[in-house]
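Numbering (my numbering), first residue to last: 20 to 178. Note that the Cβ used here is the ideal one computed from N, Cα and C, for glycine as well.
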């Protein structure tokens with residue numbers, strides 16, 4: 020490793036090297052996944068995550084893989100890490116909400132679905148999930164009714 024430009028610092032070079040290594044592990048993990056060797060794929064993804072903990076491609080693959088393995092706690096942890104990196108991405112919040120639902124954590128799921136609605140108010144999926152959570156908890160029935168109306172309008176489209 021040596022700087023290629025005057026302004027390159029050793030820290031920047033090391034960061035880039037770590038990112039390159041993480042990308043190689045990610046590529047290898049995807050190859051193993053294609054051959055349905057999920058255990059090896061997961062190990063390689065975890066290694067990539069060690070090298071580049073803010074790499075969203077690695078985290079997205081880890082969420083998918085841990086969900087496939089039924090490791091819901093891990094999947095939720097990775098989902099919340101994605102949100103920490105980019106809290107303006109509605110699909111990250113939706114994924115975390117869906118996992119929180121599976122983990123029987125309705126309050127956390129509700130918070131994530133509310134965030135999806137704030138970020139993507141025309142997407143009906145989060146409305147559906149939030150309405151169902153509110154109805155099953157028997158709390159905020161008036162809010163559930165209002166959200167259900169919006170959900171219905173979004174599903175049916177313009178008249």
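Pick out the complete beta strand (DSSP E) segments inside the stretch 80 to 161, 3 residues or longer, and give them in chain order.
Complete beta strand (DSSP E) runs here, min 3: none at all.
Please report how far the alpha carbon of residue 153 lies from the alpha carbon of residue 128, in whole angstroms.
Between the alpha carbons of residue 153 and residue 128 lies a gap of roughly 11 Å.
I want to see whether chain B comes within less than 7 Å of residue 123, judged by CB atoms only; does it?
In the structure shown, chain B cannot be found, because there is only a single protein chain.
7 Å Cβ cutoff met for residue 132 and residue 116:
Going by C-beta atoms, residue 132 is nearer than 7 Å to residue 116.
Roughly how many angstroms lie between the CA atoms of residue 156 and residue 118, to the nearest whole one?
Residue 156 and residue 118: Cα-Cα distance of roughly 17 Å.
Presumed contact (8 Å Cβ cut-off) between residue 67 and residue 41, rounded CB distance
Residue 41 and residue 67 do touch by the CB rule: their CB atoms are close to 4 Å apart, below 8 Å.
Note down, in chain order, each residue of its chain lying with its Cβ closer than 6 Å to the Cβ of residue 78, except the 5 sequence neighbours on either side.
Within the same chain, and ignoring the five residues on either side of residue 78 in sequence, the residues whose Cβ sits closer than 6 Å to its Cβ are 97, 100, 101.
Can the beta-carbon of residue 104 be found closer than 7 Å to that of residue 73?
Yes, the pair counts as a contact, with Cβ atoms nearer than the cut-off.
Looking only at its own chain, which residues have a Cβ that is under 6 Å from the Cβ of residue 163, when we skip the five neighbours before and after it?
Around residue 163: 150, 153, 154.
According to the neighbour-count rule (16 or more other Cβ atoms, all chains shown, within 10 Å of its Cβ), is residue 71 buried or exposed?
Counting the other Cβ atoms within 10 Å of the Cβ of residue 71 gives 16 or more, which makes it buried.
Under 7 Å, do residue 89 and residue 64 count as touching if we go by C-beta distance?
In this structure, residue 89 keeps its C-beta atom at 7 Å or more from the C-beta atom of residue 64.
DSSP state of residue 46, grouped into three classes?
In the three-state reduction of the DSSP assignment, residue 46 falls in the helix class.
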